[in-house]
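All remarks here apply to the structure that follows.
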Amino acid sequence: MQFDPQQIVIGMATGSVYAALGLALVLIFRSTGIVNFAQGEMATFISYISWTLIVAAGIPYWIGIGMAIALSFILGLGAERAIIRRLAQHSELAVVIGTLGLFLFFNGLDLSIWQGVPKDFPAPFGRGVLRLGGLFVSVQYVGVLGVTLVLMLIMYAFFRFTKIGLALEASTLNPTAARLMGIDVNRMLMLGWGLASVLGGVAGILTADLLLLEPNMMAGTILFSFAAISLGGVTSPVGAVVGGLIVGILQSAVGTAVLGGTSLRTPLAFLVILLVLAFRPNGLFGRVSVTRA
Amino acid sequence: MSRSFVPREHPAVPNAAVSVAGGVLFLIAQGLLFRFVDHLPAAVGVVISAFIAVTIPSILTRRVQPSAIGVAIAAVILLPGIAPSVASTSLMATIGALALISIGQNIVTGYTGQLSVGQGAMAGIGAYCVAILINRFEWPWWLALAASPFAASFVGVIVGIWALRLRGMYLAMVTLAMVVALPTVAKVSPVSEWTNGVQGILLVAPTPPEWLNGLDTSAYLYVLTLGVLGAMVYLAARLMSSRHGLALRALRESELAAQISGVSLLRYKIWAFVVASAYAGLGGGLLALIVGIVTPDAYTVMFSIDFLVMVVIGGLGSIVGSIVGAAIVWELRVRVSTITLSLLGIKVELLPWTLYGLAVIAIMMFMPEGVVGLVGAMMRRVSERKAGSFAGVAAPAGTKDRQT
Chain A
1 MQFDPQQIVI
11 GMATGSVYAA
21 LGLALVLIFR
31 STGIVNFAQG
41 EMATFISYIS
51 WTLIVAAGIP
61 YWIGIGMAIA
71 LSFILGLGAE
81 RAIIRRLAQH
91 SELAVVIGTL
101 GLFLFFNGLD
111 LSIWQGVPKD
121 FPAPFGRGVL
131 RLGGLFVSVQ
141 YVGVLGVTLV
151 LMLIMYAFFR
161 FTKIGLALEA
171 STLNPTAARL
181 MGIDVNRMLM
191 LGWGLASVLG
201 GVAGILTADL
211 LLLEPNMMAG
221 TILFSFAAIS
231 LGGVTSPVGA
241 VVGGLIVGIL
251 QSAVGTAVLG
261 GTSLRTPLAF
271 LVILLVLAFR
281 PNGLFGRVSV
291 TRA
Chain B
1 MSRSFVPREH
11 PAVPNAAVSV
21 AGGVLFLIAQ
31 GLLFRFVDHL
41 PAAVGVVISA
51 FIAVTIPSIL
61 TRRVQPSAIG
71 VAIAAVILLP
81 GIAPSVASTS
91 LMATIGALAL
101 ISIGQNIVTG
111 YTGQLSVGQG
121 AMAGIGAYCV
131 AILINRFEWP
141 WWLALAASPF
151 AASFVGVIVG
161 IWALRLRGMY
171 LAMVTLAMVV
181 ALPTVAKVSP
191 VSEWTNGVQG
201 ILLVAPTPPE
211 WLNGLDTSAY
221 LYVLTLGVLG
231 AMVYLAARLM
241 SSRHGLALRA
251 LRESELAAQI
261 SGVSLLRYKI
271 WAFVVASAYA
281 GLGGGLLALI
291 VGIVTPDAYT
301 VMFSIDFLVM
311 VVIGGLGSIV
321 GSIVGAAIVW
331 ELRVRVSTIT
341 LSLLGIKVEL
351 LPWTLYGLAV
361 IAIMMFMPEG
371 VVGLVGAMMR
381 RVSERKAGSF
391 AGVAAPAGTK
401 DRQT
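Protein sequences appear in the order of chains A and B.
Going by my numbering, the first residue of the first sequence is number 1, and it counts up by one from there.
Going by my numbering, the first residue of the second sequence is number 1, and it counts up by one from there.
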């Protein structure tokens, strides 16, 4: 059994990706009360759009990214307004099934339009490598982790200190009371989806940078993001990041320490989810919620 | 005292009997026609038999619907005989097995409202159960098949007890993880000692017994599937219309109200999940026999999600819907590889599941009862119109009485 500290570095990098998507999932859960199964696929779609803008159309890098992020906001708004709102009138199950439909749609769309050959995504942080006390840390890893931490802080501050964040949460927790307080619940839900879509888009771009841009890029990641937010607590941005990093590091450790470990990454995620649910159903940082009938 | 002219029905003859009579008449008519008339085109024969089989019971009992339904079912069952190039016995048998898994999906999602995407994995467990029992332990195939639902429900109990304690989405996450994990686990040692890893297990199809000679293996499997499907549909119908089924539907509508009414939330959720797993296991076992090989990579995430698509398209909460949905989705999957759209001069080749996704969204938005719901609504409108016309004018019931 070998233990290589370099693995922790790699684990933290992949963990940051899980955390970034996890942040989007936490945001959408906290602002709309459901889990969006299509978050990853929408993120992949936005990554492909950025790639098309930057590589195929030759638009300057950061402008292209900006356009893609703006598009992801509109995409989120649109999805809520056109689809989710209608489905929410039926039932929560209808909404979740709707997100599964979106998953299928975007996954198929990506594969149909851009084909399955992986594409190289231009690096936002450059490809340099740092040396930190004997470990090789690529600038990419630092950048991804850095962006994720910044997003986490923004999200935390957003929900804790801003009026809009409060309004967003109120819209989910008690829509009637929120309306009575003058909050436009529908607009808040739309905003929640828009913001989550933006977060997802950023996560997608980070992932495309770290891994290769291909249609199933996020399809695998979303499972580990689920494990991350289950571990950290579905309502906690800090939990998403901590959970993501733990899952990432665990994966790397299992991958090298156990023989044939790389193929065990997925069952490991399964196990993590089950164990967390058994002992701490609300995750490490999650809120225990009590519903009044 | 005047009497309004209302067609008199024969209440003594139940609708089900009329359906069966219609179906049997169809079979007899088909048999006689093709025996005594040479060179009869298949379509003509079907139409004549259908006409005879529908009109005779309808005239006798003054009801059209039951005999029409009976003939329709008989026609579908006979499809491999009528149009073997379009609907071969192996295709129909596959649809039948998938329908079993789909019924399970409907039990847990349609009736109980729990989102499970694990039916594919449960089917895989059933399939491996059958394969391992036959090949390694030399069980007779029918005994192995009978064991497959138990293998799957065993796993279902374990997973259900863990995952169903919490919010609904956790079941979805856990079943998703299960589906993703299954191919990997089946390929990794020590499990691969049993599952033969990525190459999978080859199965020899069961040979038809002596008294059914003349039936080739494929047709035999088809008849077997029909029998199993029929029995399990009957069982599901009985379960869902029983006290238990009522409890499940109460759960779907409002967990809180159900609990107040005395429905044990956890127990019924687990029960629904386990029953669904059993159906999936049986369907998977049957599929293993029909397809002849069990490989880990066949059980993809898409395979599992397919069953959700099937029940949404067919109709959530309808057993018939599960079967219809299975037929539609599988037919499309077999026949359609890409769909080409021309948008503003740009040709885009879309993969089928892009449109499945759109279909799922559209159906949930506009006709959440699926195809079965749509057909049901149409039939109801037809019969309402009939009742109105027989009573003279479409007047409200009250005025009619006052006129006498």
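All residues carry an ideal CB built from backbone N, CA and C; glycine is no exception.
Residue interval of the beta strand (DSSP E) (run including residue i)
| i | result |
| --- | --- |
| residue 138(A) | 135 to 138 |
| residue 129(A) | 129 to 132 |
Residues near residue i by beta carbon distance below 6 Å, same chain, minus five either side
| i | result |
| --- | --- |
| residue 396(B) | Because the pLDDT at residue 396(B) is just 49, under 50, the model does not fix this residue reliably, and the point stays unresolved. |
| residue 105(B) | 119, 307 and 311 |
| residue 368(B) | none |
| residue 55(A) | none |
| residue 15(B) | 66 |
| residue 215(B) | 208 |
| residue 26(B) | 49, 53, 71 and 74 |
Under 8 Å between C-beta atoms of residue i and residue j
| i | j | result |
| --- | --- | --- |
| residue 213(A) | residue 118(A) | yes |
| residue 94(A) | residue 87(A) | yes |
| residue 241(A) | residue 149(A) | yes |
| residue 205(A) | residue 65(A) | yes |
| residue 286(B) | residue 145(B) | yes |
| residue 24(A) | residue 196(A) | yes |
| residue 83(B) | residue 53(B) | no |
| residue 277(B) | residue 85(B) | no |
| residue 224(A) | residue 173(B) | no |
| residue 282(B) | residue 269(B) | no |
| residue 16(A) | residue 139(A) | no |
| residue 477(B) | residue 305(B) | The structure shown has nothing for residue 477(B), since chain B only spans 1 to 404. |
| residue 99(B) | residue 322(B) | yes |
| residue 41(A) | residue 190(A) | no |
| residue 382(B) | residue 324(B) | no |
| residue 96(A) | residue 115(B) | yes |
| residue 183(A) | residue 171(A) | yes |
| residue 156(B) | residue 178(B) | no |
Coil, strand or helix - residue i by DSSP
| i | result |
| --- | --- |
| residue 301(B) | helix |
| residue 334(B) | helix |
| residue 294(A) | The structure shown does not extend to residue 294(A), since chain A is modelled only from 1 to 293, so the question has no answer here. |
| residue 223(A) | helix |
| residue 266(A) | helix |
| residue 18(B) | helix |
| residue 115(B) | coil |
| residue 316(B) | coil |
| residue 434(B) | Given a span of 1 to 404 for chain B in the structure shown, any question on residue 434(B) remains unanswerable. |
| residue 215(B) | coil |
| residue 350(B) | strand |
| residue 294(B) | strand |
| residue 201(B) | strand |
| residue 285(A) | coil |
| residue 401(B) | With a pLDDT of only 42 at residue 401(B), under 50, the local geometry of the prediction cannot be trusted, and the value read off the model is given with reservation. It is helical. |
Residues near residue i by beta carbon distance below 8 Å, same chain, minus five either side
| i | result |
| --- | --- |
| residue 19(B) | 66, 67, 69, 70 and 73 |
| residue 283(A) | 229, 230, 231, 232, 233, 234, 236, 239, 243 and 276 |
| residue 94(B) | 287, 290, 291 and 330 |
| residue 116(A) | 214 and 215 |
| residue 266(B) | 164 and 165 |
| residue 222(B) | 80, 89, 90, 92, 93 and 96 |
Extent of the continuous alpha helix (DSSP H) run through residue i
| i | result |
| --- | --- |
| residue 369(B) | Element bounds for residue 369(B): n/a, residue is neither H nor E. |
| residue 136(B) | First-last for residue 136(B): undefined, no H or E at that position. |
| residue 72(B) | 65 to 77 |
| residue 5(A) | 5 to 32 |
| residue 42(A) | 39 to 51 |
| residue 79(A) | 61 to 79 |
| residue 181(A) | Element bounds for residue 181(A): n/a, residue is neither H nor E. |
| residue 243(B) | 243 to 253 |
Any non-hydrogen atom of the ligand SAM within 7 Å of residue i CB
| i | result |
| --- | --- |
| residue 60(B) | Ligands in the displayed structure: none, and consequently the ligand SAM is not present. |
Beta-carbon proximity list for residue i, same chain, < 7 Å, skipping 5 on both sides
| i | result |
| --- | --- |
| residue 399(B) | For residue 399(B), the predicted structure reports a pLDDT of 43, less than 50, and the residue's modelled location is therefore unreliable. A value from the coordinates is still provided. For residue 399(B), where only same-chain residues beyond five positions count, there are no Cβ hits under 7 Å. |
### Task
Answer yes if the segment 262 to 279 of chain B comes into contact with the segment 129 to 141 of chain B, meaning at least three C-beta pairs across the two stretches below 8 Å, and no otherwise.
By the C-beta criterion, the segment 129 to 141 of chain B is judged not to be in contact with the segment 262 to 279 of chain B, since fewer than 3 inter-stretch pairs fall below 8 Å.
### Query
Is the segment 200 to 207 of chain B touching the segment 281 to 295 of chain B, taking contact as three or more C-beta pairs under 8 Å?
Two segments are said to touch when three or more pairs of C-beta atoms, one from each, lie closer than 8 Å; by this definition the segment 200 to 207 of chain B touches the segment 281 to 295 of chain B.
### Query
Below 8 Å, can you find three or more Cβ-Cβ pairs linking the segment 186 to 203 of chain B to the segment 291 to 305 of chain B?
Yes, the segment 186 to 203 of chain B is in contact with the segment 291 to 305 of chain B.
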